[in-house]
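Trainee: Protein chains in written order, with our numbering: chain A, 655 to 801; chain B, 79 to 361; chain C, 51 to 687. Starting off with a structure, shown below.
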Amino acid sequence: MLEKFINAGRLKSPWIMHFDCGSCNGCDIEVLACLTPLYDIERFGIINVGNPKHADVLLVTGTVNHRNKHVLKNLYDQMPDPKAVIAIGACGLSGGVFREAYNVVGGVDKVIPVDVYVPGCPSRPEAIIDGVVEALERVKVKLGLAG
Amino acid sequence: MIGKLVFALVATALAPVLGGLISGVDRRITAWLQSRYGPPVLQPFYDVLKLLGKRPMATNIWQVLCAYVYLSAAAVSVFLFFLQTDLLLIFFTLTVGAVFLVMGALASPSPYSQIGGQRELLQMLAYEPLLILVFVAIAMTTGSFKISAVFAMDKPLLYSLPLIFVVLGYALTIKLRKSPFDISTCHHAHQELVRGVLTEYSGPYLAALEIAHWFEVVLMLSICALFWATSVWGMLILVALTYFVEILVDNVMARMTWKWMLRSVLGVGLVLSVLNMLWLYAN
Amino acid sequence: MLDTLVFMVVVVPFLVAGLLYVVRPDGVRKLIVSAMALVLIGSALALLAQGPFLMAVPAAVNELVVLLDFLLLFLILVYSYKWKSRLAVWLTLFQIAALAWLDFGLADHGKAGPAIMADHLSLIMLLVINIVGSFIAIYALGYMKVHEEELALAKSRQPRFFFFFILFFGAMNGLVLSNNLDWMYFFWEITTFCCVMLIAHDHTEIALKNATRALWMNVLGGATFVSGLILIQKVAGTMFLTDLFAMGPMGAGGGALLIPLFLLVFTGFTKSAQPPFESWLCGAMVAPTPVSALLHSSTMVKAGVYMVLRLAPLYAGTFLSSFIAVFGAFCFVATAALAVGQSNGKKVLAYSTISNLALIICCAGLNTPASITAAILLIIFHAVSKGLLFMCVGTIEQKIHSRDIEDMRGLYGVMPKTAVIAIIGVVTMMLPPFGMLLAKWMAVESAMGQFLVIALMAAGSALTVLFWARWAGALLSAPFDAERPEKLPFSVRMPHVVLASLAVLLSVGAPFVYYGLAEPVVAMYYHAQAFTMQYGSFVSSTGMFVVYPLFILLGLGLIFALRAAGRVTPSEIAAPYMCGAQTTVDGKAAFTGPMRTPVVSVSGNYYLDALFGEKKLSHLANSVAIVLLIIMLGGVL
């Protein structure tokens, strides 16, 4: 019974934390655009929090390099379960145009498991919101609620 | 006696529900003021339920202890309020919760929660004298610190203590963690502080703190309601208006520094209470 | 039986002190002090069971006291001269002259009366002195051993230390049992002398300097004491407290009695280190910690408030009384603010002691049944909790070699048991449902009609919460770790545990403490009752304090919280948030800094030096206090 309520809460209150892993800020601006009155992601109970300990969903933009991969891993580790990761933009997906650079590791999934990939350069706010909704579907599957 | 006890127990059990609803409405009105649509009114409940389902994580066990003591103390102070006991006693019980919140924040070596804890202490330094003055003013008008004495009045307290109500408003703004006094923590993540005292709390412990906050919101608003204790409608309208003004202030004010807070809150609070008391004596 | 008990508490400590001065082996000293502690506790309890009494003594004893009094004054004179305090020399010379005039010129020796009197107030003081004091004496055994090992003395100075330490018990017991004010003056001077000698005990430069300051301030108190006595003898024609009480408020002397009363109350202020004399108590913190625990928090400084409280019925309803209330309330705020600016643990305790004494003085000045109840409860609960906290700081200091609050961060990881006991001490000092808060509640409610006093009290109690809460928080801040075993000698651990339990148990038994101890005093003073008990709650016409329900509810909350904390497993422990760069250095939280080097994160409390700095604030506090004292003096003249 309580579990049912908790699961309902899990689907209706995905707090996101946004980590800029070395993005050109294009995707970051689009992430922030989601918070503006035009898109107003708080409609879905989504809040942008500043701390992995409060977050359910990690939004990562930008390429992962050898310097910040530790930070990315640390942040991911500090998020309490259940959690999901969304990689945003071409760079987050694969390293983008920086893919071949000497210091670049590649996409986010080289360091932490990624649940949803949102393509685009930059990704559109609608796509990002869709990404979060898709992540919730994944969570549903993980919780055994899909069907 | 049994009837009073049952009433207080039921009221205490319902307080978090009411507190959550108030918080949901608050978020809707805030969104409306910012031309947004806003979350569902039940959103705070979804948030807390989700937090309860998360895997526990803490920096040390003292944090956990402090979170639950804070919750218990907040619940006890609401219970004592609805039992219509002594205002000063309720204030002291409220302090237990506030102190343990700070102790929990200071128990973690995180710089964010350390600064948050220190700032929370300064907030307490600002609102505690004001609350005591408010309660003393009420007691000097009714002749007793007991809440039942307020209900025995035939005229609303607001007539005799208008300025004291403003002083209470200051304390309320601090206690509700609204701008300009949301310097130790608030519902948004602030750049330099993350979430201050709440930074290191997560999952069920954060849920406990949130529920404790709801208790405190209900308690503070109930104290506001005492100023129109003669009719239920009066109480409701007064509380609704006060809360709306709080939201408005929250949305139009910037966050200020602790120095400004100490100066303005203590200065204005003291002057207003003295003026009100002088006026009361002159009558 | 009665004279044996009085002999036990007053004279025996003097004899034992002499014995300790000559006995050098540690084992024998331990035995003597422990036996002495048992005797004192037993006698104090027996005297309580006995109830109030009056006792006459042979005239020869009286003459002996007078003789010893002069000897003592000459001894003080010698030390004043030796330490080159001109002020103290003149004040002592004045005292000798005044005492000679009083004893040989004025006093009516034909009029004999009971020199010894115990009413309920004296009995409460006896309990506090002998029970709390005895445990501190036992603590001193273990503390001084380590203390001397650290100093690496060639020859132990412990005999000298324990001589004054135990002597003090006799003096303090004598002081509270005196009916003859001349006797009280004698014992008062002995406590001054013991105090000064113990401050100077370590013979460092700073110790001697602070001892000199304590000397002149207390000798000033002595001088006003003897002046007050001369005036009382002239106006009222008696030196016996019982006679003065019989005259009722203001006495037969009318307004004229107010001047000596002011002088005696002023003497109390100097002993209780109220501003502008607070600097001697802060300076006294250089003394070994058991001295601070016994003399400078739980007992000797209480002699000052005992004096103010003792005389309360005499100045009830006068201008003096309301001014004492305002003065006390002001000192309460001022010294609490001074405590906020301190990071030195012992100084925080010192200022908080002064602050609480000021609150007691304020309650005495309010002079209502409820406020006197508050004052008595404050004396009892403060003695236990503050004695405990001083002992904790002493023990902590011997382990971490610092008394700074910032250095006590993470103490739980180093000394888990002491840290928890210290936190219990702090919590009993500042939070309900414990006794200190019960008393504070009574104090605020009894001041209801006086807005100025209550505003000051409100500010003071907010400041108090500020400095206690951050200290307790600092003690808790510890990484999650397996508890490291903490070994302490029995003589150190036992007093900690006993006083911590006493602090909690007395609060649980607050209604019994009220009925057994405080209520008889109020009944004696006012023939009225301040509170009644209903459903385990203190109820008066202005409010109620639910003791048992609150204990049960908050206790359940604590159990609930303890269970939740107990369920936490090491796997749930995470490093604090450091923007994703968290790491550890020797188990301490750190972050990865420049060049990939780990940097330990350091945080400190806000001490708000710009607002609450000692230099700035103490000048202000002292000036205001002096102005208030001058107004008070002007009023009584």
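Even glycine gets a Cβ: it sits at the ideal position worked out from N, Cα and C. Since we're looking at a predicted model, the values are computed, not measured.
Near Thr642 of chain C, what residues of its chain come up, given a Cβ to Cβ distance below 7 angstroms and the 5 sequence neighbours on each side ignored?
Mentor: So the list reads Ala631, Thr633, Pro648, once near-sequence residues are dropped.
Trainee: Relative to the C-alpha of Leu70 of chain C, which candidate in C:Leu191, C:Ile426, C:Leu203 has its C-alpha closest?
Mentor: C:Leu191
Trainee: Answer with yes or no whether the minimum CB distance from Pro691 of chain A to chain B is below 7 angstroms.
Mentor: Yes, its Cβ sits closer than 7 angstroms to a Cβ of chain B.
Trainee: Cβ closer than 8 angstroms: which chain C residues qualify as neighbours of Ser186 of chain B?
Mentor: Ser527, Pro626
Trainee: DSSP on Gly347 of chain B, reduced to helix/strand/coil?
Mentor: helix
Trainee: Return the Cβ separation of Leu438 of chain C and Ala553 of chain C in integer angstroms, given the expectation that the two are a contact with Cβ distance under 8 angstroms.
Mentor: About 6 angstroms; that satisfies the 8 angstroms criterion.
Trainee: Looking only at its chain, what residues have a beta carbon closer than 7 angstroms to the beta carbon of Val142 of chain B, apart from the 5 residues adjacent to it on each side?
Mentor: Ala136, Tyr283
Trainee: Contact criterion: CB-CB distance below 7 angstroms. Does Ser667 of chain A meet it with respect to chain B?
Mentor: yes
Trainee: Counting only C-beta atoms, is Ala631 of chain C closer than 7 angstroms to chain A at any point?
Mentor: yes
Trainee: May I ask which residues mark the beginning and end of the alpha helix (DSSP H) holding Pro94 of chain B?
Mentor: Start and end: 80-111.
Trainee: To which residues does DSSP link Lys224 of chain B through a beta bridge?
Mentor: B:Asp164
Trainee: Can a CB atom of chain B be found closer than 7 angstroms to the CB of Asp784 of chain A?
Mentor: no
Trainee: Would you list, in chain order, the members of the segment 714-730 of chain A that have their beta-carbon closer than 8 angstroms to a beta-carbon of chain C?
Mentor: Residues His724, Val725, Leu726, Asn728, Leu729.
Trainee: Against Glu239 of chain C, what residues of chain B qualify as contacts under a CB-to-CB distance less than 9 angstroms, listed in chain order?
Mentor: Ordered by position in chain B, no residue passes the 9 angstroms Cβ test against Glu239 of chain C, which lies about 41 angstroms from the chain.
Trainee: Would the beta-carbon of Asp328 of chain B fall within 7 angstroms of that of Lys253 of chain B?
Mentor: no
Trainee: Within the chosen definition, does the segment 464-476 of chain C reach the segment 363-378 of chain C through at least 3 CB pairs nearer than 8 angstroms?
Mentor: no
Trainee: Beta carbons nearer than 8 angstroms to chain C: which residues of the segment 233-266 of chain B have them?
Mentor: none
Trainee: Would you mind telling me which residues of chain A sit closer than 7 angstroms to Val272 of chain B, beta carbon to beta carbon, in chain order?
Mentor: Per Cβ cutoff of 7 angstroms: Gly704, Asn705.
Trainee: So, does the CB of Gly699 of chain A fall closer than 7 angstroms to a CB anywhere in chain B?
Mentor: yes
Trainee: Let me confirm a value: Arg459 of chain C is counted as buried when at least 16 other C-beta atoms fall within 10 Å, else exposed. Which label applies?
Mentor: By the neighbour-count rule (16 or more Cβ atoms within 10 Å), Arg459 of chain C is buried.
Trainee: Can you check the segment 215-290 of chain B for any alpha helix (DSSP H) of at least 4 residues that lies completely inside it and give the ranges in chain order?
Mentor: For the segment 215-290 of chain B, whole alpha helix (DSSP H) runs of length 4 or above, ordered along the chain, are 225-229, 235-238, 240-253.
Trainee: Have a look at Thr445 of chain C and Leu670 of chain C and give me their C-alpha separation to the nearest angstrom.
Mentor: 34 angstroms
Trainee: Is the CB of Tyr598 of chain C under 7 angstroms away from at least one CB in chain B?
Mentor: At least 7 angstroms separates the CB of Tyr598 of chain C from every CB of chain B.
Trainee: Quick one: what does DSSP say Ala307 of chain B is sitting in, helix, strand or coil?
Mentor: coil
Trainee: Can you name the start and end residues of the alpha helix (DSSP H) that Thr320 of chain C belongs to?
Mentor: 308-321
Trainee: Counting Cβ pairs, one atom from each stretch, are 3 or more of them under 8 angstroms apart for the segment 699-716 of chain A and the segment 670-677 of chain A?
Mentor: yes
Trainee: Who pairs with Thr642 of chain C in a beta bridge, going by DSSP?
Mentor: Per DSSP, C:Pro648.
Trainee: How about Gly224 of chain C and Val60 of chain C: are their beta carbons less than 7 angstroms apart?
Mentor: yes
Trainee: Closer than 8 angstroms is the cut-off here; do at least three beta carbon pairs connect the segment 657-669 of chain A with the segment 787-797 of chain A?
Mentor: yes
Trainee: Span of the alpha helix (DSSP H) holding His720 of chain A?
Mentor: Neither: His720 of chain A is in no alpha helix (DSSP H) and is coded neither H nor E.
Trainee: With a threshold of 7 angstroms between beta-carbons, can Thr592 of chain C be considered close to chain B, or not?
Mentor: yes
Trainee: On the premise that Ala93 of chain B lies in contact with Val296 of chain B, defined as a C-beta separation below 8 angstroms, what is that separation, rounded to the nearest angstrom?
Mentor: 4 angstroms
Trainee: Can you tell me where the beta strand (DSSP E) with Ser393 of chain C in it begins and where it stops?
Mentor: DSSP places Ser393 of chain C in no beta strand (DSSP E); its state is neither H nor E.
Trainee: Tell me which residues share the same chain as Ala302 of chain C and place their Cβ nearer than 7 angstroms to its Cβ, disregarding the 5 neighbours each side in the sequence.
Mentor: Residue placement at Ala302 of chain C is flagged as unreliable, the pLDDT there being 48, under the threshold of 50; the coordinate-derived value follows with that caveat. Taken in chain order, the residues that qualify are Ala286.
Trainee: Expressed to the nearest angstrom, what Euclidean distance is found between the alpha-carbon atoms of Ala157 of chain C and Pro164 of chain C?
Mentor: Their Cα atoms are separated by approximately 15 angstroms.
Trainee: Is Pro545 of chain C near the ligand COA, with its Cβ less than 6 angstroms from a heavy atom?
Mentor: The ligand COA is absent from the structure shown, which contains no ligands of any kind.
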